[in-house]
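Notes to accompany the following structure.
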Amino acid sequence: MTTPFRGAAATLALGAALLTGACSDTPEENTADACTALTEYETALTTLRDSLTADATVEQVREARDDVASAAGELDSALGDVAQDRVDALNQAWSDLDSAITDADSDATLQEAADTIRAQAQEVESARSDLGSALECG
Numbered sequence: 383m384t385t386p387f388r389g390a391a392a393t394l395a396l397g398a399a400l401l402t403g404a405c406s407d408t409p410e411e412n413t414a415d416a417c418t419a420l421t422e423y424e425t426a427l428t429t430l431r432d433s434l435t436a437d438a439t440v441e442q443v444r445e446a447r448d449d450v451a452s453a454a455g456e457l458d459s460a461l462g463d464v465a466q467d468r469v470d471a472l473n474q475a476w477s478d479l480d481s482a483i484t485d486a487d488s489d490a491t492l493q494e495a496a497d498t499i500r501a502q503a504q505e506v507e508s509a510r511s512d513l514g515s516a517l518e519c520g
């Protein structure tokens, strides 16, 4: 393996270790992991493209291809975590809205309960919007 390939492989291995070694709990950490995984994927693609030279061996190109496949798997996993965070937020917002309606005082008028319900409904809309943006479907 030539030096550029070793460097790229080491970079990918480090990125993969960081992604799999740290258990991300927060949406912010999951987003950061997805961004790191995307960068690693782009690096692997660049390395593959750069390996397509007249003096490269088929084995070197295959190794570069394997690095892209590995980076793609890491990216897929990281993106799944980000999407799951958005789905969880939407589900929680819906649960909170449902509870606000269920827990409204039966003797209260709708107007009296409306402020709480309206705020919870806005949280559902915000979570839906975040999920739509993540999926690029508005």
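Heads up, my numbering is the position in the sequence shown plus 382, with the first residue counted as 1. Yeah, the Cβ is synthetic: ideal placement off N, Cα and C, and Gly gets one too.
Would you report the Cα separation of Ala-404 and Gly-455, rounded to the nearest angstrom?
Model confidence at Ala-404 stands at a pLDDT of 49, short of 50, so the residue's coordinates are unreliable and nothing is read from them.
Quick check: what's the CA-CA separation for Leu-479 versus Ile-499?
Roughly 6 Å between the two C-alpha positions.
Would you report the Cα separation of Thr-408 and Asp-470, rounded to the nearest angstrom?
Whole-angstrom Cα-Cα distance: 11 Å.
Given 8 Å as the limit, is there contact between the stretch 439 to 452 and the stretch 419 to 426, that is, 3 or more CB pairs closer than that?
Taking 8 Å as the limit for Cβ pairs, the verdict is that the stretch 419 to 426 does touch the stretch 439 to 452.
Output the distance between the C-alpha atoms of Gly-514 and Glu-505, rounded to the nearest integer angstrom.
Near 14 Å, if we compare the C-alpha coordinates of Glu-505 and Gly-514.
Under the three-state reduction of DSSP, which class applies to Thr-408: helix, strand or coil?
If DSSP states are grouped into helix, strand and coil, Thr-408 belongs with coil.
In terms of residue numbering, what span does the alpha helix (DSSP H) encompassing Ser-459 cover?
Note, Ser-459: alpha helix (DSSP H), 440 to 484.
Considering only the alpha carbon of each residue, which of Arg-431, Asp-432, Ala-475 lies closest to Ser-508?
Answer by Cα proximity: Ala-475.
Can you tell me whether Gln-442 is buried or exposed? The criterion is at least 16 other CB atoms within 10 Å of its CB, across all chains shown.
Under this definition Gln-442 is a buried residue.
Under 7 Å Cβ to Cβ from Ala-465, same chain only, skipping five residues before and after it: list those, please.
Hits under 7 Å: Ala-516.
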